[in-house]
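Remarks on the structure that follows.
Protein chains in written order, with my numbering: chain A, 1 to 341; chain B, 1001 to 1341.
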């Protein structure tokens, strides 16, 4: 098996820097768009054959060193008792949003082997189809990011309602975040048992918090997830954006690999994370929309800052944008391998 | 005159830490909402009597140490040849958005004393009405932030089109940003001549850039504005959000006072800015939506980190949110004064 990715997670030397991309399966790929003409996002997520097909699309098209399960962060919400849907052009809509202590009290822990059995079936199917070509990454959202979707009712620019709940009803917040932590830990455990070889926890929107609030309201819950997963010995990745001032606390919360975004130079970020952890990142995804030379200069800079030290996984600082040209992604992956082989 | 604010800008000792709030005039105020029932935002901006009335509303209601001209960042766009409007519930819409080199070529430098005469009339009216109670702050947007509105057509989550232009057509970008810098420098010069006693440059969205891109695409243009204003001897403030990794470069770009948001502890931010500059900030505006005790604890923490050193202006890390209770704002301003007197 191509085990570069897993070796880098464990800070072991590699034959070339491993590369994968957040949203490497998705709307920028013509093959995915063709499938989306016939199926909704949730249909694809819920049908193992389709989800596996989409997961594999970039593995065939791009020279990446890991596959990531095609799924959506919000899937665990429905079996908890928080219905949601995707509205064309608007993204996820959670209706009614979670705003009261009564609603939080009614949330349920659930058995992922029953309620999200289709995800676990997808994982098993993928392990067979991948036949050890590259490792398979599972994932879930972190409590702050999941809670912010549920409370705001969708994406937000300021997280005002989420923070108002945190500040105004801290007990309810902690109960909610703990419920999410339990659900996510159960879900990731089930994913590991079904066969994923690494898991990434996405705390995509946590950069909205001050370091002080992160420590009080997010850290303990995210930490619970990583603590629960530790005995499985499967590499864990911890990702967020806008986290320049949160990195030392994110390290404390857990993760063998800490994700960095482009707002912090990779070497500065790695110093804050600590050299006994691996890092993942951190090219600005918008660089893939410009000229190829500038994109490669940016990638070269990232690699220079990693200085060939073991424990760097090349990725973007956030997901591939839908308007990205597939050829650019292919060129980028090849460049990283060529430069570091 | 209450000159605490101006003294703090100049790093001089003060009798109490000066306080003002971004968006201290606006939708959170019942008096403003009453006026908005009869007038649109642009009507208020364009009628000196109304703009002056709104500017003064918080001066009467809250114990703040500065007034800030009520206006909108986008006003200079129209006389440059970029029409826009405010659509209810959506914010600003620039239609057609600025996407081509031809459009950029057609942009005009204009004479603010003619095209934005109403703003200068508002300033003169305000200086009379304020009768030196508190100083009056003028403002404008920084080139990156103005360009991002014009190119995206409104607010954006990833600034993909803005960055695609930067990377793909760097000459066109620099021409555009230089035009904005010239227009903003002209506009702020006219504001100073009309009587504002300090000016703030808002680069609200610049935190989307990597430090490398900031230096290449934003810094030189913002710097041009501050260089042009320097001979007037009026204090200048330089504000952005999500700027933890940009602060040393923002300092280089200019500003006697550098704005900090809540994502960075005030003392850490001040160190990056340098002790020979003043700083402004940095309470999370969402803290005003929660219990008063937590808000005051947060404010106390900000003041502790400022350690009573000359050169701290208390403010939020971004504007007051519309759902904020006026009484909270009043309590916060009083608290800062009491703690530091």
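Even glycine gets a Cβ: it sits at the ideal position worked out from N, Cα and C. Since the structure is predicted, the reported quantities are computational estimates derived from the model, not experimental observations.
(1) Using the three-state DSSP reduction, which class does residue 254 of chain A fall into: helix, strand or coil?
(2) Within 10 angstroms of its Cβ, does residue 1319 of chain B collect 16 or more other Cβ (buried), or is it exposed?
(3) Given a cut-off of 9 Å on the beta-carbon distance, is the pair residue 331 of chain A and residue 302 of chain A in contact?
(4) Less than 8 Å between C-beta atoms, sequence neighbours within five positions excluded: which residues of the same chain meet that for residue 388 of chain A?
(5) Tell me the rounded alpha-carbon separation between residue 158 of chain A and residue 1340 of chain B.
(6) Is DSSP giving residue 92 of chain A helix, strand or coil here?
(7) For residue 284 of chain A, which residues in chain B fall below 8 Å Cβ to Cβ?
(8) Since residue 1067 of chain B sits in a beta bridge, which residues does DSSP pair it with?
(9) Can you tell me whether residue 1199 of chain B is buried or exposed, with buried defined as 16 or more other CB within 10 angstroms of its CB?
(10) Out of curiosity, what's the CA-to-CA distance linking residue 1210 of chain B and residue 1313 of chain B?
(11) What are the start and end residues of the alpha helix (DSSP H) that includes residue 1298 of chain B?
(12) For residue 1080 of chain B, decide whether its Cβ has a neighbour in chain A, counting only Cβ atoms nearer than 9 Å.
(13) Work out the CA separation of residue 1134 of chain B and residue 1067 of chain B for me, nearest whole Å.
(14) Would you mind giving the Cβ-Cβ distance between residue 335 of chain A and residue 306 of chain A, rounded to the nearest angstrom? I have them listed as a contact below 8 Å.
(15) Which same chain residues end up closer than 7 Å to residue 65 of chain A when comparing Cβ atoms and leaving out the 5 residues on each side of it in sequence?
(16) At 3 residues or longer, and completely inside the stretch 1128-1204 of chain B: list those beta strand (DSSP E) runs for me, N to C.
(17) Considering only C-alpha positions, which residue in the set A:257, A:229, A:202 and A:85 is nearest to residue 7 of chain A?
(18) Quick check: residue 1230 of chain B and residue 1222 of chain B, are their CB atoms within less than 9 Å of each other?
(19) Taking C-beta to C-beta, are residue 219 of chain A and residue 252 of chain A nearer than 9 Å?
(20) Between the stretch 44-63 of chain A and the stretch 86-104 of chain A, do at least 3 Cβ pairs fall closer than 8 Å?
(21) Which class does residue 1319 of chain B belong to by DSSP, given the choice of helix, strand or coil?
(22) Does DSSP put residue 342 of chain A in a helix, a strand or coil?
(23) If you measure beta-carbon to beta-carbon, which residues of the stretch 1238-1262 of chain B are closer than 7 Å to chain A?
(24) Give the interface partners of residue 1149 of chain B over in chain A, defined as CB-CB distance under 7 Å, in chain order.
(25) Could you give the C-beta distance for residue 1187 of chain B and residue 1076 of chain B, rounded to a whole number, given that I count them as a contact under 8 Å?
(26) Roughly how many whole angstroms lie between the Cα atoms of residue 74 of chain A and residue 1145 of chain B?
(27) So is residue 1294 of chain B in contact with chain A if we call contact Cβ pairs under 9 Å?
(28) Per DSSP, what kind of secondary structure is residue 1228 of chain B in: helix, strand or coil?
(29) Does any residue of chain B have a CB that is nearer than 9 Å to the CB of residue 300 of chain A?
(30) With distances taken Cα to Cα, identify the nearest neighbour of residue 1031 of chain B among B:1125, B:1047, B:1059 and B:1012.
(31) May I ask you to list, following chain order, the residues of the stretch 1309-1340 of chain B that have a beta carbon less than 7 Å from some beta carbon of chain A?
(32) Residue 1110 of chain B and residue 1342 of chain B - do their beta-carbons sit closer together than 9 Å?
(33) What separation, rounded to the nearest whole angstrom, lies between the Cα atoms of residue 35 of chain A and residue 315 of chain A?
(34) Residues of chain B with CB under 7 Å from residue 160 of chain A, in chain order?
(35) Please return the same chain residues whose Cβ sits closer than 7 Å to the Cβ of residue 1324 of chain B, not counting the five positions on each side in sequence.
(36) What residues of chain B sit near residue 92 of chain A, judged by a beta carbon separation below 9 Å?
This is what the structure gives:
(1) Numbered from its first residue, the first chain carries residue 254 of chain A at position 254. Coil at residue 254 of chain A, not helix or strand.
(2) Start at 1 with the first residue of the second chain, and residue 1319 of chain B comes out as number 319. Buried, because 16 or more other Cβ atoms sit within 10 Å of the Cβ of residue 1319 of chain B.
(3) If you number the first chain from 1, residue 331 of chain A lands on position 331. If you number the first chain from 1, residue 302 of chain A lands on position 302. Against a cut-off of 9 Å, the Cβ pair of residue 302 of chain A and residue 331 of chain A comes out as no contact.
(4) Outside the modelled stretch of chain A, which goes from 1 to 341, sits residue 388 of chain A, for which no answer is possible.
(5) As a position in the first chain, residue 158 of chain A is number 158, starting the count at 1. As a position in the second chain, residue 1340 of chain B is number 340, starting the count at 1. Distance between the alpha carbons of residue 158 of chain A and residue 1340 of chain B: 30 Å.
(6) Numbered from 1 along the first chain, position 92 holds the residue referred to as residue 92 of chain A. Residue 92 of chain A sits in a strand when the DSSP states are folded into three classes.
(7) Stepping through the first chain from its first residue, residue 284 of chain A is reached at position 284. Residues of chain B passing the Cβ test: 1163, 1210 and 1213.
(8) Position 67 of the second chain, counting from 1, holds the residue named residue 1067 of chain B. Answer is B:1136, bridged to residue 1067 of chain B.
(9) Against the second chain, residue 1199 of chain B aligns to sequence position 199. By the 10 Å Cβ count, residue 1199 of chain B comes out buried.
(10) The count along the second chain starts at 1 and reaches residue 1210 of chain B at position 210. The count along the second chain starts at 1 and reaches residue 1313 of chain B at position 313. Rounded to the nearest angstrom, the two C-alpha atoms are 27 Å apart.
(11) Here residue 1298 of chain B refers to the residue found at position 298 when the second chain is read from its first residue. That run of the alpha helix (DSSP H) goes 1292-1306.
(12) On the second chain, position 80 is the one that residue 1080 of chain B refers to. False, the Cβ-Cβ gap to chain A never drops below 9 Å.
(13) By 1-based counting over the second chain, the position of residue 1067 of chain B is 67. By 1-based counting over the second chain, the position of residue 1134 of chain B is 134. Going from the Cα of residue 1067 of chain B to the Cα of residue 1134 of chain B covers about 7 Å.
(14) Within the first chain, residue 335 of chain A is the residue found at index 335, counting from 1. Within the first chain, residue 306 of chain A is the residue found at index 306, counting from 1. Between residue 306 of chain A and residue 335 of chain A the Cβ distance is about 14 Å, and since that is not below 8 Å, they are no contact.
(15) Within the first chain, residue 65 of chain A is the residue found at index 65, counting from 1. If we look at residue 65 of chain A and ignore the five residues flanking it on each side, its Cβ neighbours are 2, 4, 5, 18, 19, 20 and 134.
(16) 1136-1141 and 1198-1203
(17) Residue 7 of chain A sits at position 7 when you count from the first residue of the first chain. Nearest of A:257, A:229, A:202 and A:85 to residue 7 of chain A, Cα basis: A:257.
(18) The residue given as residue 1230 of chain B occupies position 230 in the second chain. The residue given as residue 1222 of chain B occupies position 222 in the second chain. No, the pair does not count as a contact, with Cβ atoms beyond the cut-off.
(19) Here residue 219 of chain A refers to the residue found at position 219 when the first chain is read from its first residue. Here residue 252 of chain A refers to the residue found at position 252 when the first chain is read from its first residue. Cβ distance < 9 Å, so residue 219 of chain A and residue 252 of chain A count as in contact.
(20) no
(21) Position 319 of the second chain, counting from 1, holds the residue named residue 1319 of chain B. In this structure, residue 1319 of chain B counts as coil in the three-state DSSP scheme.
(22) Here chain A comprises residues numbered 1 to 341, so residue 342 of chain A is not present and cannot be evaluated.
(23) 1242, 1244, 1245 and 1262
(24) By 1-based counting over the second chain, the position of residue 1149 of chain B is 149. Correct list: empty, because the minimum Cβ distance to chain A is about 14 Å.
(25) Taking the second chain and counting its residues from 1, the one referred to as residue 1187 of chain B is at position 187. Taking the second chain and counting its residues from 1, the one referred to as residue 1076 of chain B is at position 76. Right, the Cβ-Cβ distance comes to about 6 Å (below 8 Å), so this counts as a contact.
(26) Here residue 74 of chain A refers to the residue found at position 74 of the first chain. Here residue 1145 of chain B refers to the residue found at position 145 of the second chain. So the alpha carbons of these two residues sit roughly 32 Å apart.
(27) By one-based count along the second chain, residue 1294 of chain B stands at place 294. Judged by the 9 Å Cβ criterion, residue 1294 of chain B is in contact with chain A.
(28) Reading the second chain from its first residue, position 228 is the one you call residue 1228 of chain B. Residue 1228 of chain B: helix per DSSP, three-state reduction.
(29) As a working mapping, residue 300 of chain A is identified with position 300 in the first chain. Cβ-Cβ to chain B under 9 Å: no for residue 300 of chain A.
(30) For the purposes of this step, residue 1031 of chain B is taken as residue 31 along the second chain, with counting starting at 1. Comparing Cα-Cα distances from residue 1031 of chain B to each of B:1125, B:1047, B:1059 and B:1012, the minimum goes to B:1059.
(31) 1321 and 1323
(32) Here chain B has residues from 1001 to 1341 only, and residue 1342 of chain B is not among them.
(33) As a working note, residue 35 of chain A is residue 35 in the first chain. As a working note, residue 315 of chain A is residue 315 in the first chain. Cα to Cα, the separation comes out at about 25 Å.
(34) The residue labelled residue 160 of chain A in the question sits at position 160 within the first chain. Correct list: 1286, 1289, 1321 and 1323.
(35) Counted from its first residue, the second chain places residue 1324 of chain B at position 324. Within the same chain, residue 1324 of chain B has close Cβ partners 1028, 1288 and 1289.
(36) Start at 1 with the first residue of the first chain, and residue 92 of chain A comes out as number 92. Neighbours of residue 92 of chain A in chain B, taken as residues at a C-beta separation under 9 Å, are lacking, since the least C-beta distance is about 13 Å.
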